[in-house]
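Contents: one structure, followed by commentary.
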Amino acid sequence: MAQIYDRVALIGLGLIASSMFWAMKRAGSANHVSGYARSAETRETARKIGLCDSVHDDILDAVAGADLVVLCVPIGVMGSVMEQIAGVLKPGATVTDVGSVKRDVIENVAPHVPEGVHFIAGHPLAGTEHSGPRSGFAELFDSRWCLLVPPEGADPVAVQRLQQFWESLGSNVEQMDADHHDLVVAVTSHAPHLIAYTMVGVADDLRRVTDSEVIKYSAGGFRDFTRIAASDPTMWRDVFLTNKDATLEILGRFTEELFALQRAIRQGDGDFLHDYFTRTRAIRRGIIEAGQDTDAPDFGRKKS
Ligand code: NAP
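Using my numbering, the final residue of the sequence shown is 326, and nothing's skipped along the way.
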């Protein structure tokens, strides 16, 4: 795969940025990748493990001269980071982000984007429950979708180039408007995370089942909830604070369905339950057929 940008700057050096770096190295998508992280500890780790071609103590040094700047920080600070770097951006450069919510990020970042710089919001639909500079790996984006949200009147050449960049990291790319994006991820990611957090919280509160029993007998579905509920607290706090409307809409529907299932259980309505579970099983099959998960038993987990 050919080089797409000469210089790329990664701001924030956690799971997503480090995965982007290793995927860029695998593909040769950039000539030079500079990096900046807020804490000296993260910058030190990055230097130690060879994450980025250059790691900078000053955010402005990391960004100066970059053709592509990727904001890989929590959603809640995207706007202030953009404000900080606006003055040193190279004319004609592209700024993008990887935040899990798009309307809020665009509203906070776009006002600080200087004339002559392209801002094209983005969101790779790929992640794990791990965070930090050591958690990334080159394959994270392989065959996963990356959604781009270009503003109205965006430069088609800049959008096309960013699309090629994400494709070089292994992603499939599609464009979407911000509100639709936020609703889609509320269904596929945000509400499921909240439900997992709730289920694990319930088990924690329910002292009739001891903690050791919860851990020991966790194979029965609970284990998958615990994996999701181990996700980064800062990131997920920001997701729910910024994708409020779409998440509340989906949770409202979820609650209605839960009541319907509760009634079916109480009334012994086996047909209702069986029909419901038949419909949901078909969705699982669709995800596997679309190449978005493995059909290996137990999600392909290896037994240690
Ligand atoms: P992460 O591993 O926790 O890394 C976050 C990075 O942002 C760290 O380098 C951190 O610096 C830096 N940072 C935190 N607060 C900051 C602040 N106030 N100012 C400047 N830098 C700050 O997070 P991640 O999982 O890569 O997530 C980054 C973005 O990707 C988020 O917007 C998230 O919504 C999005 N995203 C995440 C996933 C996922 O599954 N994790 C998937 C898709 C998109 P220090 O290390 O110095 O604290």
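Backbone N, C-alpha and C fix where the C-beta goes; we use that ideal spot for every residue, glycine too.
Residues of its chain near residue i, where Cβ-Cβ distance is below 7 Å and the 5 sequence neighbours each way are ignored
i      : result
PRO9   : This structure does not reach residue 9, given that the chain is present from 23 up to 326, and the question cannot be answered.
THR67  : PRO155 and ARG156
ARG249 : GLU151
ALA86  : VAL110
ASP164 : GLY192
GLU196 : TRP167 and LEU169
Per-residue DSSP class, three states only, for residue i
i      : result
ALA143 : strand
ASP75  : coil
GLN314 : coil
VAL135 : coil
ASN194 : strand
LEU22  : With the chain running from 23 to 326 in the structure shown, residue 22 is simply not present.
SER326 : Unreliable positioning characterises SER326 in this predicted model, as indicated by a pLDDT of 40, which lies under 50. The coordinate reading is nonetheless provided below. In this structure, SER326 counts as coil in the three-state DSSP scheme.
PHE159 : coil
GLY114 : coil
GLU235 : helix
GLY308 : helix
LEU176 : The displayed chain sequence assigns Ala, not Leu, to residue 176. In the structure shown, ALA176 sits in coil (DSSP, three-state: anything other than H, G, I, E or B).
SER61  : coil
GLU151 : coil
ASN130 : helix
SER102 : helix
GLY274 : helix
GLY223 : helix
LYS124 : coil
ASP80  : coil
ASP291 : coil
ASP199 : coil
ALA24  : coil
Bridge partner(s) assigned by DSSP for residue i
i      : result
ARG29  : HIS54
ASP119 : LEU93
TRP258 : None; TRP258 has no bridge partner.
TRP167 : ASN194
Cβ neighbours of residue i in the same chain (closer than 8 Å, five flanking residues each side left out)
i      : result
ASP199 : VAL171
CYS74  : LEU32, LEU35, PHE43, VAL55, SER56, GLY57 and ALA68
ILE287 : LEU295
ALA52  : GLN25, ILE26, TYR27, ASP28, ARG29, VAL30, MET46 and LEU90
ALA81  : The question names Ala, yet the displayed sequence has Ile at residue 81. Excluding sequence neighbours, ILE81 sits near ILE33, TYR58, VAL103, GLN106 and ILE107.
ASN194 : SER165, ARG166, TRP167 and CYS168
VAL224 : none
Closest Cα partner of residue i within the set the options
i      : options                           : result
ARG156 : MET257, GLY72 and ARG60           : GLY72
ASP89  : MET257, GLU129, HIS54 and GLN186  : HIS54
ASP79  : SER234, ARG65 and ARG249          : ARG65
PRO113 : VAL139, LEU263 and PHE247         : VAL139
VAL127 : ASP260, GLY308, GLN197 and GLU235 : ASP260
ALA213 : ALA115, THR302, THR277 and GLN289 : THR277
SER153 : PRO96, GLY144, ALA176 and VAL179  : PRO96
HIS215 : ALA84, ILE305, GLY242 and PHE247  : PHE247
GLY98  : ARG125, THR116, VAL77 and ASP201  : ARG125
LEU147 : PHE299, LEU273, VAL222 and LEU37  : LEU37
Residues near residue i by beta carbon distance below 6 Å, same chain, minus five either side
i      : result
HIS134 : MET104, GLU105 and ALA108
GLY101 : ASN130 and VAL131
SER326 : Reliability fails at SER326, whose pLDDT of 40 lies under 50, so the model's placement of it is uncertain and the value that follows must be treated cautiously. The answer is none, since no qualifying residue turns up.
TYR219 : ALA251
ALA160 : TRP44, ALA45 and ARG48
ALA39  : LEU32 and CYS94
ASP315 : ILE309
beta-carbon residue i near the ligand SAM non-hydrogen atom, thresh 8 Å
i      : result
GLY192 : This structure lacks the ligand SAM; the ligands present are the ligand NAP.
Can we say the stretch 162-179 touches the stretch 119-138, given the rule of at least three CB pairs closer than 8 Å? yes
For the stretch 251-265 against the stretch 278-295, do three or more pairs of beta-carbon atoms, one drawn from each stretch, fall closer than 8 Å, so that the two count as touching? Here the stretch 251-265 makes no contact with the stretch 278-295; the two share fewer than three CB pairs at distances below 8 Å.
Is it true that the stretch 23-31 meets the stretch 186-195, where meeting means three or more beta-carbon pairs spaced less than 8 Å apart? yes
With a cut-off of 8 Å, do at least 3 Cβ pairs link the stretch 202-222 to the stretch 263-271? The stretch 202-222 is in contact with the stretch 263-271.
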